[in-house]
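Input: a single structure, listed below in structure tokens.
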Amino acid sequence: MIKNILNKLPRKHTKSVENHGGSSTFSSNSSTTSRTNFGTSSRSSNSNATILSGINSNLNSGLNYGNTKVNGSSGPPPYEALPSFKDVPNGEKQNLFIKKLSLCCVVFDFTDPSKYLKEKDIKRQTLVELVDYITSSNGKFNETIMQESVRMISVNLFRTHTAQPRENKVLEAFDLEEDEPLMDPSWPHLQIVYEFLLRFIASPETDAKLAKRYIDHSFVLKLLDLFDSEDPREREYLKTVLHRIYGKFMVHRPFIRKSINYIFFRFIFETEKHNGIAELLEILGSIINGFALPLKEEHKLFLVRALIPLHRPKCLPTYHQQLSYCITQFVEKDCKLADTVIWGLLKYWPITNSSKEVMFIGELEEVLEATQPPEFQRCLVRLFRQIGRCLSSSHFQVAERALFLWNNDHIENLIKQNRKIILPIIFPSLEKNSRNHWNQAVQSLTLNVRKIFSDVDPELFEECLLKFQEDEAQKEEVKMKRESAWKRLEEIAAVKGKSNEPVLVTRRLSTNGPSGIGE
């Protein structure tokens, strides 16, 4: 079985491709405390109990369990601790390391915490020893060590997630505090395996040209599949591991970006369910930060086809902060993309979800802060029609957040430079707020904005005020005519109703308003 697995591993070198998108900035955000919980002090002397009586026999016994899985239906395998590294000669340490890797290929079932306690503890201690060895090792890792290390990692990490029923809550108005995250019961082993993988990739003794045979596209795809884990601890480790792989294996960079792209497509247009979107976006934030200028067409298409449509799903609050950062990074890299982003936000602007609307306005402010006048002018009419609707919203948080845009000096200057177009669009909303809005804070902020326009251009302000008053007078006149028409209709109906005669309404009544009477 092991030979079959090893034969499937690619052995042909592939040429290194150029750095797509320049160098990237990485931040190892995995919690330091979470990595050291297992501690090196957890090693106990029982792993050395039988060392002196059979070191050579243990090293030559060929413990090789392959991809063995231990569950409640089968008996435990012959699982005994191997000698410690400090108790064998230096020449035998590499062989012992490979034996320990094979020992850790046995996967235990943690659904029943009372079973195989001794075997589980032996495996945990062995994993800790492997982490220590990989950290302190001197000398390049050979192909056998890389092959066996990746095999052990794959056997332990690449598994099928059993999703728990959540009553489809992700499709409802998502509440971040409604559900507790599900913790994987096998985390005591998984955490140490992740730590082993992280240190294996980060180690200067790992040659990327040799390791890419085993940390290949298939390995990366399976790693990306794990981002859908419901355990936030696992996703945090995965985020850091993928950072390291992207930084060390330049040949995999285009493939990683494309694979993340496909995950987003499936999430946006098919499932709207994925637990790791925030972590993937956080990785992309670092990748985008390292893009070389001018931006490649591939990166611009990724913005338009994947990042902007991520505003559509209902569970946007779970990853909006990371998404907003990625979007802003693009605009800061290339200010000419600002109007593209603004048009995208307007396309997916929420209609009935007020909390989501507040998030959109906050993101819009960050984008506008990096926007230059030419891009601002290309989208300002439709943009401020939407802002005008936000200003007159009955939800005070939406109206208040929209009015806060004038607190940003850069945005205020852009508005002042284009006031002759903007003020006529938003003036009705400002005037109605100052007169009728139920929230005192919104009224106060509205008066401040009105004063800004009045001080900058009094003549334009007066023109808009007169136009507003004329429009209001016309609306009132139309309203009076409509009420008069309905009143006349009621009188005719009352007179004719008693005689059962059909009521004929003259055509001229239809000109009294848009109600369509007499049509």
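The sequence shown begins at 1 in UniProt numbering and counts up by one.
For each residue, glycine too, the CB sits at the ideal point set by N, CA and C.
| Query | Result |
| --- | --- |
| Whole-angstrom distance between K248 and L293, CA atom to CA atom | 21 Å |
| Where F108 sits in the DSSP three-state scheme | strand |
| Residue range of the alpha helix (DSSP H) that includes R151 | E143 to L157 |
| Proximity winner among N90, E234, K479 and R419, relative to G464 (alpha-carbon distances) | Here the sequence assigns Cys to residue 464, which means Gly is not the residue at that position. Of the listed residues, the one whose Cα sits closest to C464 is R419. |
| Close beta carbons around V331, own chain, < 8 Å, minus the five adjacent residues each side | L337, A338, V341, V367, A370 and T371 |
| Local Cβ density within 10 Å of A402, reported as buried at 16 or more and exposed below that | buried |
| Proximity below 8 Å, CB of K140 to CB of E205 | yes |
| N- and C-terminal bounds of the alpha helix (DSSP H) containing I351 | Counting along the chain, I351 falls outside any alpha helix (DSSP H), and DSSP gives it neither H nor E. |
| Cβ separation of L391 and E365, assumed to be a contact under 8 Å, to the nearest whole Å | Not quite, the Cβ-Cβ distance comes to about 14 Å (not below 8 Å), so this is no contact. |
| Buried/exposed call for Q386, threshold 16 Cβ in 10 Å | buried |
| Alpha helix (DSSP H) segment containing C326, residue limits | H320 to K333 |
| Chain-order list of residues whose beta-carbon lies under 7 Å from that of G72 (same chain, five-residue window excluded) | Legend: pLDDT at G72 = 45, less than 50; position of this residue unreliable, value from coordinates given subsequently. Within the same chain, G72 has close Cβ partners D109, D112 and K115. |
| Integer-rounded CB distance, given that H243 should sit under 8 Å from I283 | 6 Å |
| Rounded separation between S229 and V442 - CA only | 43 Å |
| Below-8 Å beta-carbon distance, D87 vs any chain D residue | Included in the structure is just one protein chain, with no chain D present. |
| Same chain, Cβ closer than 6 Å to G285, neighbours up to 5 away in sequence not counted | Y325 and C326 |
| Nearest candidate by alpha-carbon position, reference H189, set K123, L280, E236 and H217 | K123 |
| Residue from F85, L303 and E298 whose Cα sits closest to the Cα of T328 | L303 |
| Option in I215, L224 and F97 with minimal Cα separation from R159 | L224 |
| Anticipated Cβ contact below 8 Å, I145 with F97, distance rounded | 7 Å |
| Local conformation of Y133 per DSSP, three classes | helix |
| Contact belief for residue 525 with L238 at Cβ below 8 Å, rounded distance in angstroms | Only positions 1 to 519 of the chain appear in the structure, and residue 525 is not among them; the question remains open. |
| Close Cβ partners of K120 (< 6 Å) along its chain, the five nearest in sequence each way excluded | F108 |
| For C104, the nearest candidate out of Q417, F196, K86 and D87 (CA to CA) | F196 |
| Nearest neighbour of S203, chosen from D216, S136 and V220 [CA to CA] | S136 |
| Cβ-based neighbour list, D231, same chain, cut-off 8 Å, excluding 5 preceding and 5 following | P181, L182, M183, D184 and W187 |
| Residue environment, F265, which counts as buried when at least 16 other CB atoms sit within 10 Å | exposed |
| Helix, strand or coil at M183 [DSSP, three-state] | coil |
| First through last residue of the alpha helix (DSSP H) which encompasses residue 525 | Within the shown structure, residues of the chain are numbered from 1 to 519, placing residue 525 beyond reach of any answer. |
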